[in-house]
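Taking it in order: structure first as structure tokens, then the write-up.
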Amino acid sequence: MMATFTDWDILRNLLLALRWTLLLSLVAFFGGTLVTLPLLLLRLTARRGTMSLIRGYIALFQGTPLLMQLFLAFFGVGLFGVNVSPWTAASLALTLYTSAFLLDIWYGSIQALPPGQWEASRCLGLSFGQTLFHVVVAQAMRIAIAPTVGFAVQVIKGTALASIIGFVELTKAGTMLNNVTYQPFKVFGLVALGYFLLCYPLSRYSQYLEKKFNAAHHH
Numbered sequence: 293m294m295a296t297f298t299d300w301d302i303l304r305n306l307l308l309a310l311r312w313t314l315l316l317s318l319v320a321f322f323g324g325t326l327v328t329l330p331l332l333l334l335r336l337t338a339r340r341g342t343m344s345l346i347r348g349y350i351a352l353f354q355g356t357p358l359l360m361q362l363f364l365a366f367f368g369v370g371l372f373g374v375n376v377s378p379w380t381a382a383s384l385a386l387t388l389y390t391s392a393f394l395l396d397i398w399y400g401s402i403q404a405l406p407p408g409q410w411e412a413s414r415c416l417g418l419s420f421g422q423t424l425f426h427v428v429v430a431q432a433m434r435i436a437i438a439p440t441v442g443f444a445v446q447v448i449k450g451t452a453l454a455s456i457i458g459f460v461e462l463t464k465a466g467t468m469l470n471n472v473t474y475q476p477f478k479v480f481g482l483v484a485l486g487y488f489l490l491c492y493p494l495s496r497y498s499q500y501l502e503k504k505f506n507a508a509h510h511h
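Going from the sequence shown to our numbering is simple: count from 1 and add 292.
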């Protein structure tokens with residue numbers, strides 16, 4: 293006999309899955325930040341050989357589909373006899389994917405500053421580290437914040453692909469519920485609403501920050 297799912301059951305299950313979508317997004321973002329920071333320092337101080345490696349890293353993760361990266365993290369690592377859970381594989385793939393984009397956004401933001409900032413700091417006798425942390429980072433963060441928040445939306449949407457390797461987040465939960473309830477419009481309507489409620493405020497906030505920064509920039 294088939295269990296009957298009330299609307300509340302559907303909603304409750306999707307809300308529980310939404311938690312995992314949020315958690316995976318946060319892990320990807322904070323993990324991505326931890327991977328990005330040392331790479332960013334390397335990129336700013338790098339010799340030619342290191343630069344090529346960093347460019348290769350960015351090209352690899354930006355230029356290949358996230359879906360493929362998830363498959364490799366899940367099945368590829370398994371080939372070496374290491375058993376990874378869908379949660380670990382999704383966290384790893386999304387962390388590396390996120391870091392490749394953040395590295396570009398943040399490096400670009402630092403490069404966007406007038407070169408005079410570095411020269412003036414050098415004249416004042418500041419070291420590379422002092423210049424970077426006291427002068428450059430504070431200004432670059434203002435440029436970087438809008439595209440970073442905007443990219444967070446892409447990360448949230450990217451977590452939907454983790455359903456392919458069996459990670460039960462919002463999309464996967466929707467598919468499973470639909471298989472039981474046969475109410476695709478209701479189930480996927482609620483799934484879409486879940487993503488909208490996560491992504492829309494971030495998109496608006498990103499636009500607001502961009503306008504605010506541009507206004508400050510022109511004054």
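Note that beta-carbon positions come from the ideal geometry of N, C-alpha and C, so glycine has one too.
Going by C-alpha positions, Cys-415 is about 10 Å away from Gly-408. Around the CB of Pro-357, fewer than 16 other CB atoms lie within 10 Å, so the residue is classed as exposed. When only Cα atoms are considered, Asn-471 and Lys-504 end up about 46 Å apart. Annotation: Pro-407 is outside any alpha helix (DSSP H) and is labelled neither H nor E by DSSP. Judged by DSSP in its simplified three-state form, Arg-347 adopts helix. In the DSSP assignment, Ile-302 falls within the unbroken alpha helix (DSSP H) covering 299-337. Judged by their CB atoms, Ala-309 and Glu-461 are nearer to each other than the 7 Å cut-off.
In this structure, Leu-352 and Leu-482 do not form a Cβ contact; the two beta carbons are roughly 36 Å apart against a cut-off of 8 Å. In the DSSP assignment, Asn-375 falls outside any alpha helix (DSSP H), carrying neither H nor E.
Proximity to Gly-348 across Ser-495, Leu-405, Ala-430, Leu-388 peaks at Leu-388, based on C-alpha coordinates. Put simply, the region 416-433 does not touch the region 371-389. Fewer than three CB pairs are less than 8 Å apart. For Leu-501 against Ile-448, the beta-carbon gap comes to about 17 Å, at or over 8 Å, which does not count as contact.
Arg-335 counts as buried, since at least 16 other C-beta atoms from the protein chains shown sit within 10 angstroms of its C-beta.
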